[in-house]
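Residue numbers (my numbering): 2 to 391.
Each residue gets a CB set at the ideal place from its N, CA and C atoms; glycine is no exception.
A quick note: this is a predicted structure, and the numbers were derived from the prediction, not measured.
Read the structure below first, then the notes.
Pasting the structure below:
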């Protein structure tokens, strides 16, 4: 007895209308559109926007609608459920599902008009069987070639069998061929080697009678720094959200997300008193300590304990003590006038009576021993996203 296909559900995020805390992520849609245009002009080919992981934490539905209206020719996600969420939100452009795992959900791909990236023969056969069962027209796929990432993709030794199988399946249409760079941010020679392998792999597909309507390989770094990798479309992700880490660029990309909260408590500590779990910080002088309602459960990394900064009244203020799950302490002794309900910026820029300052995703990543991608995607579902034009 075969088990029924899975029912694919999408997770829900806190809605602005239901928010009680002052903690929220603000997403600047005008900056998003600006970045799309800047990357499109640099690339000279269509943009397929990578919106996996809830659009890098920015909220996939609102971001996808904005980018579709602004001219994004397609959208890339990692999971079937991410693609379904966007279709149900009314997104009409092609949606490419790049994660490689489809289980028994081939029917969901077909019903929601999602284009899978495939690199296994058994997936070709399984999808073709589902197309026949449903009586659907031939379904588009993109084939992924492993050119050095060694993660997903058809290995060179398996490519002839893959191509032969695909060529004899009329239920499937090869709509594109792709690969993924391992070192686009750091190693031009590695990029060149992967491009050579990609060309050889495409030649194998053509030798089996397969036409290749479009080829693509470039992420944000390759879009900016490696013109030979642009092919027929490019797949920027983090660049759309304002960052191009690791590459020299004349593009002026604008950060899209700003995370803010407010001071909810203030207390005076005498010299020698400590703050937070484990008493990891002790006041070396009489100190004014503010509590903010945001912690590692919201995406404020615990690695920022006694290391990171936030912005209060336009001035940097240090995080003191251990970042806890729901709350964090900030030393505002040197922030004149700090008061309950003052805005506190955790990520982004703030202009206030004491000046103007910025805490960037790159700064947080460096202090946390990680990368900006993780900083953005770590902002959790319980932090509502508020969308604004600027």
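{"Query": "Under the assumption that residue 139 contacts residue 172 (Cβ atoms under 8 Å), give the Cβ distance between them as a whole number of angstroms.", "Result": "6 Å"}
{"Query": "Relative to the C-alpha of residue 111, which candidate in 95, 276, 55 has its C-alpha closest?", "Result": "95"}
{"Query": "Assign residue 35 to one of three DSSP states: helix, strand, or coil.", "Result": "helix"}
{"Query": "Just tell me which of 306, 297, 180 has its CA closest to the CA of residue 155.", "Result": "180"}
{"Query": "Once you ignore the five residues that flank residue 286 on each side, which residues in its own chain have a CB closer than 6 Å to its CB?", "Result": "272"}
{"Query": "By the three-class DSSP mapping on this structure, what secondary structure does residue 145 have?", "Result": "strand"}
{"Query": "Distance check for residue 386 and residue 259, CA to CA, integer angstroms please.", "Result": "10 Å"}
{"Query": "Whose CA, out of 265, 168, 177, 127, lies closest to the CA of residue 75?", "Result": "177"}
{"Query": "I believe residue 358 touches residue 316 by the beta-carbon criterion, under 8 Å. Please report the beta-carbon distance rounded to the nearest angstrom.", "Result": "6 Å"}
{"Query": "Can you look up residue 319 in the DSSP assignment and give me helix, strand or coil?", "Result": "strand"}
{"Query": "If you draw a straight line from the alpha carbon of residue 304 to that of residue 313, how long is it in whole angstroms?", "Result": "20 Å"}
{"Query": "If we ignore side chains and look at the alpha-carbon of each, how far apart do residue 223 and residue 384 end up?", "Result": "32 Å"}
{"Query": "Kindly list the residues whose CB is nearer than 6 Å to the CB of residue 88, restricted to its own chain and excluding five residues on each side of it in sequence; keep chain order.", "Result": "113"}
{"Query": "Does the stretch 291-308 come into contact with the stretch 337-348, if we say contact requires no fewer than three beta-carbon pairs (one atom in each stretch) closer than 8 Å?", "Result": "yes"}
{"Query": "Unbroken beta strand (DSSP E) runs of length 3 or more, entirely within the stretch 278-366: which are they?", "Result": "288-293, 310-313, 316-321, 329-332, 344-353, 356-360"}
{"Query": "Quick one: measure Cβ to Cβ for residue 291 and residue 333, integer angstroms, because I've assumed they're closer than 8 Å.", "Result": "5 Å"}
{"Query": "Could you say which of 23, 55, 68 lies nearest to residue 41 if we only look at CA atoms?", "Result": "68"}
{"Query": "Using only alpha-carbon positions, find the residue among 81, 27, 48, 32 that is nearest to residue 60.", "Result": "27"}
{"Query": "When you compare only the Cα positions, how much space is there between residue 30 and residue 90?", "Result": "17 Å"}
{"Query": "Measuring only the C-alpha atoms, how far is residue 99 from residue 77?", "Result": "7 Å"}
{"Query": "Given residue 376, which residues of its chain have a CB within under 6 Å of its CB, disregarding the five upstream and five downstream residues?", "Result": "362, 365, 366"}
{"Query": "Give the straight-line distance between the Cα atoms of residue 51 and residue 79, rounded to the nearest whole angstrom.", "Result": "9 Å"}
{"Query": "When you compare only the Cα positions, how much space is there between residue 381 and residue 208?", "Result": "47 Å"}
{"Query": "Using the DSSP secondary-structure output, state which residues sit across from residue 262 in a beta bridge.", "Result": "345"}
{"Query": "I'd like to know if the stretch 230-244 and the stretch 202-219 are in contact, where contact means that at least 3 CB-CB pairs between them fall below 8 Å.", "Result": "yes"}
{"Query": "DSSP on residue 2, reduced to helix/strand/coil?", "Result": "The pLDDT assigned to residue 2 is 45, lower than 50, so where the model puts this residue is not dependable, and the model offers no usable value."}
{"Query": "Closest to residue 57 by CA distance: which of 81, 307, 241 is it?", "Result": "241"}
{"Query": "Does DSSP classify residue 411 as helix, strand or coil?", "Result": "The structure shown does not extend to residue 411, since the chain spans only 2 to 391, so no value can be given for it."}
{"Query": "What's the call for residue 189, buried or exposed, on a 16-neighbour Cβ count within 10 Å?", "Result": "exposed"}
{"Query": "Count the other C-beta atoms from every protein chain shown that fall within 10 angstroms of the C-beta of residue 109, then say buried if there are 16 or more, exposed otherwise.", "Result": "buried"}
{"Query": "For residue 254 and residue 148, I'd like the C-alpha separation in whole angstroms.", "Result": "30 Å"}
{"Query": "How many angstroms separate the CA atom of residue 211 from the CA atom of residue 72?", "Result": "29 Å"}
{"Query": "Quick one: what does DSSP say residue 379 is sitting in, helix, strand or coil?", "Result": "coil"}
{"Query": "Secondary structure at residue 127, three-state DSSP: helix, strand or coil?", "Result": "helix"}
{"Query": "Here's a check: name, in chain order, each residue in its chain whose Cβ is nearer than 7 Å to the Cβ of residue 20, leaving out the five neighbours to either side.", "Result": "385"}
{"Query": "If you check the beta carbons only, do residue 309 and residue 281 fall under 8 Å apart?", "Result": "no"}
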